[in-house]
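Remarks on the structure that follows.
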Amino acid sequence: MTLEVLSFGIGGILIGISVIGGGVELRELRVTKVGVAARCGAFLIGVIFVFMGLGLSDMVRQPPHDPVSHDFVPPAPAPAPAPAPGTGDGPKIVTVDGRPPQPQPPTPAQPVFTGLTGRAKLSWMVGPVAYEAVIETWGQAGVVRVAFHDSPSGMQNAVDQDLVLRQNSGITYYEGSNPRTAGTNQLDPTYSPDSFRVVQLQVNHWTITEICDLQRVCAPVTVIPL
Numbered sequence: 000m001t002l003e004v005l006s007f008g009i010g011g012i013l014i015g016i017s018v019i020g021g022g023v024e025l026r027e028l029r030v031t032k033v034g035v036a037a038r039c040g041a042f043l044i045g046v047i048f049v050f051m052g053l054g055l056s057d058m059v060r061q062p063p064h065d066p067v068s069h070d071f072v073p074p075a076p077a078p079a080p081a082p083a084p085g086t087g088d089g090p091k092i093v094t095v096d097g098r099p100p101q102p103q104p105p106t107p108a109q110p111v112f113t114g115l116t117g118r119a120k121l122s123w124m125v126g127p128v129a130y131e132a133v134i135e136t137w138g139q140a141g142v143v144r145v146a147f148h149d150s151p152s153g154m155q156n157a158v159d160q161d162l163v164l165r166q167n168s169g170i171t172y173y174e175g176s177n178p179r180t181a182g183t184n185q186l187d188p189t190y191s192p193d194s195f196r197v198v199q200l201q202v203n204h205w206t207i208t209e210i211c212d213l214q215r216v217c218a219p220v221t222v223i224p225l
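Numbering follows numbering that gives the first Met the number 0, with no gaps: position 225 of the sequence shown is 224.
Okay, here's the thing in C-alpha cells:
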C-alpha cells in the first residue's frame, strides 16, 4: 500500500465519522458516538488527509524536473586550431636535396622611359621620294629637320618640326608639330607632321624604327647616330 492511498483512506474514514457521528460497528471495529466538536475536528482532519493523498499522487506521477538535462545548454565546441605551416592537408614546403628553399631575389623593376638624348641622321622612302632628316632630342622634347625633293618642281625642300614624347596604347613615339620652312617661322600648310616611333631593343637601349604622318603613311627608318 502506497503512502498516498493510506493518507486518502484515513481522510475518508475521518470524513465518514464526522458525517455519521459514530455508533458504527463493523466486525471487530466499533466506532462510538462522538460529539459535535469531535465531528467537526474529524471532518477538518479528514479533508487535510484527503488533500495530502491527492498531492502525493501528483508527485508520484510527475518525475522531478531535471534542470541539467533540460535547461542547461552546453557551449559550442571550440574550433579546431589551424594546422601549422607545412603540416596537415594544406600546401607543403618542398625542399631540394633536403635543404630549405632559398628566397628568390626580387625582379628588378624596369626603368621608366623618359626619352632619348642625342642627335642622329634618319633616312626613309615614301614611294619614289627619298627623305633625309637630322633629329635632336633631349628627353621628352626635341626638333627635327626633314629634307626631300619636291616632285612637281624637283627642288630640294626642308621642313623643321617640334617634337614631344608621347606614350599611347603601349606605343612610344615622338610626335611632330608646327611644320615650317627650315630656318624660318613660316608654316608649311602642305606638309603633314611626322611621328617617329621609338622601340626598346634591350635594357636601356632604345632606337627609332618607323615614321608615320597624319595620313597614316608609314615607312621603316634607317638610323645613323651623330
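Where a beta carbon is used, it is the ideal one built from N, C-alpha and C, also for glycine.
Only a predicted model underlies this, so the values are computations on that prediction, with no experimental measurement involved.
Check	Outcome
GLY175, DSSP secondary structure in three states	strand
Cα-Cα separation between GLU131 and VAL222, rounded to whole angstroms	10 Å
Sequence-distant residues of the same chain with beta carbon closer than 6 Å to ALA254, five excluded per side	This structure cannot settle anything about residue 254, because the visible part of the chain is limited to 0 through 225.
Test item: CB-CB of VAL125 and ILE134 under 8 Å	no
Endpoints, the beta strand (DSSP E) within which THR206 is located	204-212
Distance, ARG118 Cα to MET154 Cα	26 Å
Length of the line joining the Cα atoms of GLU209 and HIS148	20 Å
Reduced DSSP category for GLY182 - H, G, I as helix; E, B as strand; rest coil	coil
Assigned exposure category for LEU225 - 16 Cβ within 10 Å defines buried	exposed
Residues that DSSP places opposite SER194 in a beta bridge	GLU174, CYS211
C-alpha gap between THR180 and PRO104, whole angstroms	55 Å
Per DSSP, the bridge partner or partners of GLY138	LEU115
Simplified DSSP state of MET51, which is helix, strand or coil	helix
Cβ neighbour criterion (16 or more within 10 Å) applied to VAL202	exposed
GLN160, enclosing beta strand (DSSP E) - first and last residue	155-167
VAL125 in three-state terms, based on DSSP	strand
With 16 other Cβ atoms within 10 Å as the buried cut-off, status of ALA41	buried
Residues near LEU200 by beta carbon distance below 8 Å, same chain, minus five either side	THR206
Per-residue burial, TRP137 [other beta carbons within 10 Å of its own, 16 or more giving buried]	exposed
Status (buried if at least 16 other CB within 10 Å, exposed otherwise) for LEU213	exposed
CB-CB length for THR171 against PHE112, believed under 8 Å	6 Å
DSSP bridge partner residues for THR221 (one or two, in chain order)	SER122
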